[in-house]
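S.K.:
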Amino acid sequence: MKRKKVWYVIADGGRARFVERDANGAFRTITSFVSTELHARTHDLGLDRPARVKESANSARHAVEPRQDLHTAAKEDFIRTVADALAAEHEQGQFDQLVLVAPARVLTELKDQLGKPIVESVVSDLQKDLTKIPDHDLATHLTPPR
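Letter 98 of the sequence shown, counting from 1, is numbered 97 in numbering that gives the first Met the number 0, and no numbers are missing.
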């Protein structure tokens with residue numbers, strides 16, 4: 000029987016990488032992503048001040064609250080990019096099973112962005128931020144799925 004190919008998706012709100020385990024048990028990064036907005040300041044992401052609207056009864060003006068924090072929106076866009084890349088790799092048959100490793104909030108968002116066939120290939124998830132852990136140290140944090 001053919002051995003299943005397992006990919007580990009290690010992500011946070013601004014970094015992600017796809018990692019696989021070779022025949023010797025060592026981890027190897029296949030692809031990595033870094034958000035361009037990872038260290039951007041708020042005014043670099045959009046307007047500093049919210050838009051203004053006029054009061055219909057008098058000349059008063061009020062600020063319109065933004066619907067979403069710009070940093071949160073940038074993180075969600077990045078997670079969507081990672082999910083799209085996973086979908087493309089899944090269509091090419093690059094992996095059979097997935098293990099998702101991310102902080103709780105990112106893990107939830109990533110699962111929401113993944114399509115049904117990819118969600119069905121998820122065999123495990125781990126709520127940890129391992130994005131800064133080098134490949135040679137991942138073995139102490141990750142166990143092979145059963």
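Heads up, the beta-carbon is just placed ideally off N, CA and C, and yes, glycines get one too.
Identify every residue that forms a DSSP beta bridge with Arg-14.
M.R.: In the sequence shown, counting from the first residue as 1, residue 14 sits at position 15. Partner(s): Val-33.
S.K.: How many whole angstroms separate the CB atoms of Lys-127 and His-140, which I take to be in contact at a CB cut-off of 8 angstroms?
M.R.: If you number the sequence shown from 1, residue 127 lands on position 128. If you number the sequence shown from 1, residue 140 lands on position 141. Between His-140 and Lys-127 the Cβ distance is about 7 angstroms, and since that is below 8 angstroms, they are a contact.
S.K.: Hey, quick one: how far does the beta strand (DSSP E) through Gln-91 stretch, first residue to last?
M.R.: On the sequence shown, position 92 is the one that residue 91 refers to. Following the DSSP letters along the chain, one finds Gln-91 in no beta strand (DSSP E), marked with neither H nor E.
S.K.: Under the three-state reduction of DSSP, which class applies to Leu-129: helix, strand or coil?
M.R.: As a first step, residue 129 is located in the sequence shown; it is residue number 130 there, counting from the start. Reduced to three states, the DSSP call for Leu-129 is coil.
S.K.: Measuring CA to CA, which of Lys-3, Leu-69 and Ile-78 is closest to Ser-34?
M.R.: The sequence position of residue 34 within the sequence shown is 35, counting from 1. Measuring from the Cα of Ser-34, the nearest candidate turns out to be Ile-78.
S.K.: Considering only C-alpha positions, which residue in the set Asp-134, Ala-72, Leu-85 and Phe-26 is nearest to Gly-13?
M.R.: Here residue 13 refers to the residue found at position 14 of the sequence shown. Among Asp-134, Ala-72, Leu-85 and Phe-26, the Cα nearest to that of Gly-13 belongs to Ala-72.
S.K.: Nearest-angstrom Cα distance between Asp-95 and Arg-16?
M.R.: As a working note, residue 95 is residue 96 in the sequence shown. As a working note, residue 16 is residue 17 in the sequence shown. The straight-line gap from Cα to Cα measures roughly 17 angstroms.
S.K.: Hey, would you say Leu-129 sits closer than 8 angstroms to Ile-9, going by beta carbons?
M.R.: Against the sequence shown, residue 129 aligns to sequence position 130. Against the sequence shown, residue 9 aligns to sequence position 10. Result yes, Cβ atoms of Leu-129 and Ile-9 sit closer than 8 angstroms.
S.K.: Taking just the CA atoms, how far does Asn-57 sit from Asn-117?
M.R.: Within the sequence shown, the letter at position 118 stands for residue 117. Within the sequence shown, the letter at position 58 stands for residue 57. Per the sequence presented here, residue 117 reads as Ile, with Asn not at that position. Taking the straight line from one Cα to the other gives about 55 angstroms.
S.K.: Just checking my contact of Leu-97 with Trp-6 at CB under 8 angstroms: how many whole Å lie between their CB atoms?
M.R.: As a first step, residue 97 is located in the sequence shown; it is residue number 98 there, counting from the start. As a first step, residue 6 is located in the sequence shown; it is residue number 7 there, counting from the start. Right, the Cβ-Cβ distance comes to about 6 angstroms (below 8 angstroms), so this counts as a contact.
S.K.: If you run the structure through DSSP and keep just helix, strand and coil, what is Asp-111?
M.R.: By 1-based counting over the sequence shown, the position of residue 111 is 112. Correct three-state label for Asp-111: helix.
S.K.: Specify the secondary structure class of Arg-20 as computed by DSSP and reduced to three states.
M.R.: As a working mapping, residue 20 is identified with position 21 in the sequence shown. Strand, per DSSP.
S.K.: Under the three-state reduction of DSSP, which class applies to Leu-141: helix, strand or coil?
M.R.: Taking the sequence shown and counting its residues from 1, one reaches residue 141 at position 142. Residue state, collapsed to three classes: coil.
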